[in-house]
Amino acid sequence: MTKSNEVAMEIESLPLGNLWTNCYLLRTDDLVIIIDPGAATDELFKLIGDGGVDMIINTHGHFDHVGGNRILKEKYGAKILLHQADLALFHETVSPEVKVDQFIDEGDKIGAGMLEVMHMPGHSPGSIILVGTNVIFCGDLIFAGSIGRTDFPGGSPADMAASLQRLAALPGDYTLYSGHGPATTLAKERAMNPFLNAG
Numbered sequence: 003m004t005k006s007n008e009v010a011m012e013i014e015s016l017p018l019g020n021l022w023t024n025c026y027l028l029r030t031d032d033l034v035i036i037i038d039p040g041a042a043t044d045e046l047f048k049l050i051g052d053g054g055v056d057m058i059i060n061t062h063g064h065f066d067h068v069g070g071n072r073i074l075k076e077k078y079g080a081k082i083l084l085h086q087a088d089l090a091l092f093h094e095t096v097s098p099e100v101k102v103d104q105f106i107d108e109g110d111k112i113g114a115g116m117l118e119v120m121h122m123p124g125h126s127p128g129s130i131i132l133v134g135t136n137v138i139f140c141g142d143l144i145f146a147g148s149i150g151r152t153d154f155p156g157g158s159p160a161d162m163a164a165s166l167q168r169l170a171a172l173p174g175d176y177t178l179y180s181g182h183g184p185a186t187t188l189a190k191e192r193a194m195n196p197f198l199n200a201g
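Take 3 as the starting number for the sequence shown in the numbering used here and just add one per residue.
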């Protein structure tokens, strides 16, 4: 159990899809949030259990992070949240009939303030991270010992470098829950990640 902005938040993770994208299920007393459902599988439905899903947050619009959106929205009536700059990417995978319910951007608060959005372009134009108390859901911005690719359409090495500088400058330490691979910490990546400490 992790406390984020004074809200007790349970975090469960499940790798989904061909690229083993980490899907995160967050539970509080009042909300169930899914971050980056790359697929909608029986294993995910079992993890969700008998309760519903209130919202789906996509850290960016690439197929391996949004592939389960349509089924989850249809099954649970969940709202979809995304940065508007990734809408075109989103609809390359998700049918145009599936609408984004809320566009999120820098400074937005989600879940009674337990998560704050930071816009971190580079991997894609609309990449975001979600910052809580001592935890960050960082999509494909950074991984343990590495960073997200910038050679996809819409990627930008310059934007990625600026976003990584912003991440490194955050005060204190955080557990980083990435889009792929194991969790890590900001302190460890500051010290060991060659892309984060290159400057």
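Even for Gly, the Cβ is constructed at its ideal location relative to N, Cα and C.
- For L132, there is no enclosing alpha helix (DSSP H); the residue is part of the beta strand (DSSP E) that begins and ends at 130-133.
- Short of 6 Å from the beta carbon of V96, and not among the five residues preceding or following it, lie these beta carbons of its own chain, in chain order: V68, N71, R72.
- Put simply, the backbone Cα of I36 is about 13 Å away from that of T23.
- Residue pairing by DSSP puts R29 in a beta bridge opposite E12, V34.
- Membership of I106 in any beta strand (DSSP E) is not indicated, and neither H nor E is assigned to it by DSSP.
- Around the C-beta of A193, fewer than 16 other C-beta atoms lie within 10 Å, and the residue is accordingly described as exposed.
- Beta-bridge annotation (DSSP): P17 is paired with N24.
- Contact between L198 and I144 holds, since their C-beta atoms are separated by about 7 Å, short of 8 Å.
- In the three-state reduction of the DSSP assignment, Y78 falls in the helix class.
- Residue range 188-194 is occupied by the alpha helix (DSSP H) that includes L188, with no beta strand (DSSP E) assigned at that position.
- When the Cα atoms are used, P173 and M120 turn out to be separated by approximately 14 Å.
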